[in-house]
Structures are given as C-alpha cells and as structure tokens.
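Protein chains in written order, with our numbering: chain L, 1 to 357; chain R, 358 to 710.
Here a beta-carbon is modelled for each residue, glycine too, at the ideal position from N, C-alpha and C.
The model shown is predicted, which means the values in this text are computed figures rather than measured ones.
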C-alpha cells in the first residue's frame, strides 16, 4: 500500500516537474515551431540558423531585447531563429546551448544570466566550430577566443552622461548645493557597477554631497522602501539617482507620499536609466528629470557581426550599441565626455510613440 | 522588583521573542535618536516605527500561515513567496482585463481580490494534498510550487509587469481616504484577530497542536489528522494570497519575478524567532508575529544606520545568529544552570519546551 502511494507521489511530482519545464518554453510559440523545422536543415542552405539563449522575461527591457532579436532574425530576412527562454537559470542556458550545438545551428547568441561558469560549454561550441556572440552582460572567461564578439551597453558611459548632464543642469539653473541620494541596482550587476562608479567619480570631482547609497535591487518595491527610509534620514535630499526606471517609479511614490514634490519646480529631481516607454512618459511630465538610455535593441548590431562573419571578415571584439539621453525641457542641449559630444533629446509625444518598449 | 515575579516574567514563553525585538529597537536609540519619533506629515503618520509596522505587514500575515503549517505538519511551506506572485498576477490580470497598463478597472475590485485569494488557496490545497494525503515531506512537496509558481505567474501575466494605475487599487498598500494610518497595518491586525479567534473559540488550535505532536495518536482518538494538516496548508495558501495582494497594491502592479522574492525564508525565520519548534507541535501565533516585526525592524534599522548595501546581508546574518542562539534550548538550559548555581538551593525547572 505504502509503496503504491510512493509511486503515485513520485509520478505526480515528475508530471509537475515536466509541466514546469514546458511552461517556460511553451510560452513561446516561435521556439517550438522552429525547433521542429530546424532539426534537419540549417547548414548547407541559404537560410542562416541562429540559436538565441535569452535570460528570461524579467522586465520590459528584456522583452524589448527579445523582440529586437525576433524581428531582426525573421524568416523574411533570411534567418531561422531558435529562441530559448532560460527563466533566469544558467543551467537552462547551458542545456540550450548544447541543444543548439546538436541542432548544428550556424551562430549562437547568448544573453548570459551570470558572468562566470561558461568555459566548458563555450569550449564545446568552439569545438563544433559555431561562433558565439555574447549580448548584454559580459562574461568572465579564461580564454577570450571562446566567444567571437560581444554586443552591449557601456554602463559607465551611461553614468558619465547622466552626471555631466546633472552638472550642466545645476549650472544652468543656479543650483548651488547638490545633495544626492543613490538608489543602486542589484549589487554586483555590471549595470550597477558602471553607473555607481560614474556617480562616485563625479561626486568626488565636483564636490557634491552623496548623502545616502543603498540598493533597490532594480525593483519598484525596494526602490520605494529604500527611498522612504532615506527621506526619514535626510530632509535635504534634492537629487535622487536611481539606476533603473522601476526604482525611479518606487522612489517617486515614496517622495510623493512624504508630501514632497518631484520635478523641475519641486523639491527633488529624480534621475533614471533604461528609458522604457513608461519611464520617458514620466520624463515628459518632468517627474523623472533625466532618463539615460540603455538600448535593448541589440538585434541589428548582432546582424552586422553575423554579416561580417559570413563575408569572412573579422568583427570588432566589443561593440557598443548607440544610446541616447532623454531629458525634460531644453536647459541642456548636449554633454561632452572625453572630447565626444552627445546630444540631449527633449522628450516629446513623437519620442514616446516611437518607443517600442 | 520582586524576584519571583521577575522569574515569572522571564520564564514566559513570549519573553525571549519580545526581548529580542526590544533589543533591536533599542539599538537604534543610540545611533538614530529620533527612531521613535512619530510625526504627522502630509496628513499621514510618519516615522521609522510606522515604516517598520507597515512594511512588516506581508511578513506577519505569511508568518501566521507558516506557523500553522509548521505546527501541524512539522515542516515548512517554502512556496509562499511564489504563491504571493501567483495571487498578484491573478488579481492584476483580472483588473486589467489582459492589458499591460490600465487607468481604469476592467472588473470589480472585490471579484479580483477574491479570485486571487482563491487561486492562492488552491495552491495551498495542492501542497496540502501532497503533504497530508500522500505523505510527502513538506519541504519536497512545496518545492514544486516554489519553482513552478513564478513560472505560472509569468504565464498569467504573459511575461509582462501588469500595471493597475487606479487609486482604488492602491488603497490596500496605501491609505484609506484621509486615514493617517497605512492600510496594511489594519489588514495585518485584522488577520491576526480573525485567526486568533478561530483558534481560541474553536478547538482547531488544539487539534493542530495534537496532530503536530503525534499524528497517529490523534487519529486514534478520533481526529481526522489528514484533514487538519490539509486545512493548515489551505489557510497558509490563503494567507500568502492576502500578502500577495498587499505587496502588489503597494507597487500597483504584478511583478511576477520579484513579488515575495525570498520572503518564504523570512517567514520561516519569523516562526523560529518566535520561539516555535520547527519540528511541529505546540505553537505560539503571537511569537511568530513578534518574530516577523523583529525581522522588519532589523532591515529598517540597517537602512537607518546607512549600512552599505554590499554589507547588509552580513549584518543581518550576525544579528539573526545571535537571536537564534539566545533562544536555543541548549543556551536557555545553560542560562538556567548558571542561575541555579548562583542561587544554589532553589531547583531550576526551566528547560527546553
């Protein structure tokens, strides 16, 4: 009797586990479709098969990233995309890459969940002679030849742009004292490291006051909680430097709940990164005074690299995507970093309707 | 103070949990003198203490469910965080009618909330069936929803963060009209009172304890131990549902990846900090509630002291270790022995529970 129960229990669990597994991949029709059809073909024909292992769908940014890949590598453009959603798990990505190798895809594109632990699986890809293109986050690897190229954002430069803008804005508006609160991203992520580093350097160089620095883990809930606490601690904060849009939404909620006003005529200026559609909508109203872009549209850049490889050219090892600066009003028209000018775009209805994400 | 009454107080079950909370709070007085100051700002009460009580609400509600599950089955439900996400996803998806961001409700608030709590209770029932009926280890049984829950929530929201930008939905995580006290505080207190009443006015509390202490013996005296275990999991699921709705209302959205993230561990910790044995049996609901407030007090304290983000987990771990050691039966015994030595003659009758 007991054994029967155990058997039943085990089978229920297995079924559940299977369902979970399917739940992840099944959400994406394209993956199952292309999985079937690409099994036989791939190499030899004119169609280029690309296997893309995506981290997951944790944010609007990520969804836009996936969309960009899907639209770039569409069948009408002469590609066959095998899309795999790893649900934030590295082991799923490793399995996906092994599947890609088995299916003999022409190129592997990887948006890694973590920085380390890629050596052995990328070696397998190299042994199979499949070029690997890393997008978004960088990987930590002993042998650089294991990947062909990397496409992503320059997070430090994003931070520098934001800080330069702040400096110019403060001068234009005659703000003497800048008391900054920094809501950081998830500690250790490359976006957090780059953006925090740029701020710390600017604080040092310009003699600003950095009153508080705490992680909001890139989420709205944490951003709200941390801001609430910071406002209790310091009543003279006039700039909040959030490291993504979700944190900025939370921070604005907390500031308004405390009876203060955000915006150019209010008590506190909120700065943010990412420029999601919802984010720049708040920039248009001035709630987020500056939103520095973190461009998720990696598809075209990856395609450029693949085209070069097809023509037997060697692409650059690192390629940065172009990223803009979006602000409320026109007080600052451009910022200069290390001799390069970057224009600042005023957010208008056209800019917002032009956003895909 | 009279020695006997002092001993009476220290030997009370809730003494240690309360002491720990008081110590954590007092540590602030030195570093942040205005920690206890409550002011009326912008028409609402404001102050660190209010932040602690407000932010702890979800954890308190989760801890209540976790206490019952722990007491009856001698194991923990580690799926509550994921179930919160499921509830939030169901609630927001019904309210938005499938849109990603809405400014008006697609269906009545009450229906969405009831559906969310029912969905969460259903998750609880699934756990309960595995544990009570099939006799699977609670940790293993709830591991299924722990991993699958967020996937389910993602499927419900189609992988998007669904925003409900409507003031009436923000009430549950914000304020009711002009009331100066945050709503989550009321909700937590109401849940505590209802559960406490049910446990005290019916024999359910006693049944749960007896099933937890010895399931077979309870069955032999005529208790349906399977049903009672099952019920505790359903209650725990429903609690997670309520907590999920509050958490989602705070950010007026369903963030399937982050709502209730790692909260299951805090809920288990709250039960342990409350002086409850994680092996089941006798339990103290109030102990867990105090434990939950202690955890939030600790988090807010570390924010108030401006501890660097990368060091935050270390400080938290150290304090938790100290509190857990203070409450361990071995340490209490040692303390009792010490006392007995000092006042040799009086026999020490303290010990583990």
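Exposure label - residue i; buried when at least 16 CB within 10 Å
i                      : result
residue 366 of chain R : exposed
residue 40 of chain L  : Only weak support is given to the placement of residue 40 of chain L: the predicted model assigns it a pLDDT of 40, under 50, and the value that follows is read from those uncertain coordinates. The residue is exposed, with fewer than 16 neighbouring Cβ atoms inside 10 Å.
residue 496 of chain R : exposed
residue 577 of chain R : exposed
residue 657 of chain R : buried
residue 386 of chain R : exposed
residue 218 of chain L : buried
residue 373 of chain R : buried
residue 38 of chain L  : At residue 38 of chain L the pLDDT is 41, less than 50, meaning the model places this residue with poor confidence; the figure from the coordinates comes in the next sentence. The residue is buried, with at least 16 neighbouring Cβ atoms inside 10 Å.
residue 54 of chain L  : buried
residue 579 of chain R : exposed
residue 298 of chain L : buried
residue 92 of chain L  : buried
residue 44 of chain L  : Because residue 44 of chain L carries a pLDDT of 48, less than 50, the predicted location of this residue cannot be relied on, and no value is offered for it.
residue 32 of chain L  : Low per-residue confidence applies at residue 32 of chain L: pLDDT is 39, beneath 50, and the placement is therefore not dependable, though the value from the model is reported in the following sentence. It counts as exposed.
residue 322 of chain L : exposed
residue 359 of chain L : This structure cannot settle anything about residue 359 of chain L, because the visible part of chain L is limited to 1 through 357.
residue 785 of chain R : No answer is possible for residue 785 of chain R: it lies beyond the span of chain R, which begins at 358 and ends at 710.
residue 159 of chain L : buried
N- and C-terminal bounds of the alpha helix (DSSP H) containing residue i
i                      : result
residue 503 of chain R : 495-514
residue 370 of chain L : Any question about residue 370 of chain L goes unanswered here, given that chain L covers just 1 to 357.
residue 327 of chain L : Careful: residue 327 of chain L lies outside any alpha helix (DSSP H), inside the beta strand (DSSP E) at 325-327.
residue 738 of chain R : Outside the shown range of chain R, which is 358 to 710, sits residue 738 of chain R, and nothing can be said about it.
residue 645 of chain R : 642-661
residue 212 of chain L : Unbroken run through residue 212 of chain L is the beta strand (DSSP E), 209-215; no alpha helix (DSSP H).
residue 223 of chain L : 220-233
residue 609 of chain R : It is not in any alpha helix (DSSP H) - residue 609 of chain R carries neither H nor E in the DSSP assignment.
residue 536 of chain R : Segment: none, residue 536 of chain R is in no alpha helix (DSSP H) and carries neither H nor E.
residue 250 of chain L : 245-257
residue 688 of chain R : 686-699
residue 318 of chain L : Taken as a continuous stretch (DSSP letters only), residue 318 of chain L belongs to no alpha helix (DSSP H), being part of the beta strand (DSSP E) at 318-320.
residue 392 of chain L : The requested residue 392 of chain L is not part of the displayed model; chain L covers only 1 to 357.
First and last residue of the uninterrupted beta strand (DSSP E) at residue i
i                      : result
residue 84 of chain L  : 79-85
residue 343 of chain L : 340-346
residue 271 of chain L : 269-274
residue 183 of chain L : 179-184
residue 337 of chain L : 334-337
residue 292 of chain L : 288-293
residue 456 of chain R : It is not in any beta strand (DSSP E) - residue 456 of chain R carries neither H nor E in the DSSP assignment.
residue 52 of chain L  : 48-54
residue 520 of chain R : 519-521
Chain-ordered neighbours of residue i on chain A, where CB pairs are closer than 9 angstroms
i                      : result
residue 120 of chain L : This model lacks chain A altogether; the protein chains it does include are L and R.
Taking three-plus beta-carbon pairs below 8 angstroms as touching, is the stretch 578-593 of chain R in contact with the stretch 415-428 of chain R? yes
Scan the stretch 201-214 of chain L for residues whose Cβ lies nearer than 8 angstroms to a Cβ of chain R and list them as they occur along the chain. 212, 213, 214
Is the stretch 117-136 of chain L touching the stretch 70-86 of chain L, taking contact as three or more C-beta pairs under 8 angstroms? no
Just by C-beta distance, which residues in the stretch 278-305 of chain L are closer than 8 angstroms to chain R? 278
Interface positions of the stretch 666-682 of chain R facing chain L (Cβ-Cβ less than 7 angstroms), listed along the chain: 666, 667
Can you list, in chain order, the stretches of the beta strand (DSSP E) that have 3 or more residues and sit fully within the stretch 109-147 of chain L? 132-135
Identify each residue in the stretch 440-456 of chain R for which the Cβ-Cβ distance to at least one residue of chain L is less than 9 angstroms, and report them in chain order. none
What are the residues of the stretch 51-75 of chain L that lie near chain R, defined by any Cβ-Cβ distance shorter than 8 angstroms? 56, 57, 58, 59, 60, 63
On the three-pair Cβ rule with 8 angstroms, is the stretch 595-606 of chain R touching the stretch 544-554 of chain R? yes
Give the residues from the stretch 652-663 of chain R that approach chain L closer than 8 angstroms (Cβ to any Cβ), ordered along the chain. 657, 660, 661, 663
Taking beta-carbon pairs under 8 angstroms, can you tell me which members of the stretch 589-615 of chain R lie near chain L? 604, 607, 608, 610, 612, 614, 615
The stretch 619-638 of chain R: which residues have C-beta closer than 9 angstroms to a C-beta of chain L, in chain order? none
Is there contact here, the stretch 410-418 of chain R with the stretch 644-655 of chain R, by at least three beta-carbon pairs under 8 angstroms? yes
Chain L contacts made by the stretch 408-429 of chain R, where a contact means CB separation under 8 angstroms: 408, 412
Could you name each continuous alpha helix (DSSP H) segment of 4 residues or more that falls completely within the stretch 540-570 of chain R, going from the start of the chain to the end? 540-558, 561-570
Members of the stretch 253-268 of chain L near chain R, C-beta cut-off 9 angstroms: 253, 256, 257, 258, 259, 260
Count the C-beta pairs between the stretch 689-698 of chain R and the stretch 629-647 of chain R that are closer than 8 angstroms, then say yes if the count reaches three, no if not. no
Pull out every residue of the stretch 127-144 of chain L whose Cβ sits closer than 7 angstroms to any Cβ of chain R, in chain order. none
Evaluate contact between the stretch 428-444 of chain R and the stretch 490-508 of chain R, counting only Cβ atoms and requiring at least three cross-stretch pairs below 8 angstroms. yes
The stretch 395-407 of chain R: which residues have C-beta closer than 9 angstroms to a C-beta of chain L, in chain order? 398, 399, 400, 401, 403, 404, 405
Could you tell me whether the stretch 618-635 of chain R touches the stretch 236-256 of chain L, where touching means 3 or more Cβ pairs closer than 8 angstroms? no
Touching or not, the stretch 462-475 of chain R and the stretch 537-544 of chain R, by the rule of three or more beta carbon pairs under 8 angstroms? no
In the stretch 518-529 of chain R, which residues sit with their C-beta less than 8 angstroms from some C-beta in chain L, listed in chain order? 518, 520
contact_flag[the stretch 291-307 of chain L, the stretch 65-78 of chain L] where n(CB pairs < 8 angstroms) is 3 or more: yes
Can you list the alpha helix (DSSP H) stretches of 4 or more residues lying completely in the stretch 360-408 of chain R, in chain order? 360-367, 372-388
Chain-ordered residues of the stretch 239-251 of chain L with a beta carbon less than 9 angstroms from chain R: 246, 249, 250
Determine which residues of the stretch 534-568 of chain R have a Cβ less than 8 angstroms from any Cβ of chain L, and write them out in chain order. none
Would you list, in chain order, the members of the stretch 178-192 of chain L that have their beta-carbon closer than 7 angstroms to a beta-carbon of chain R? 184, 187
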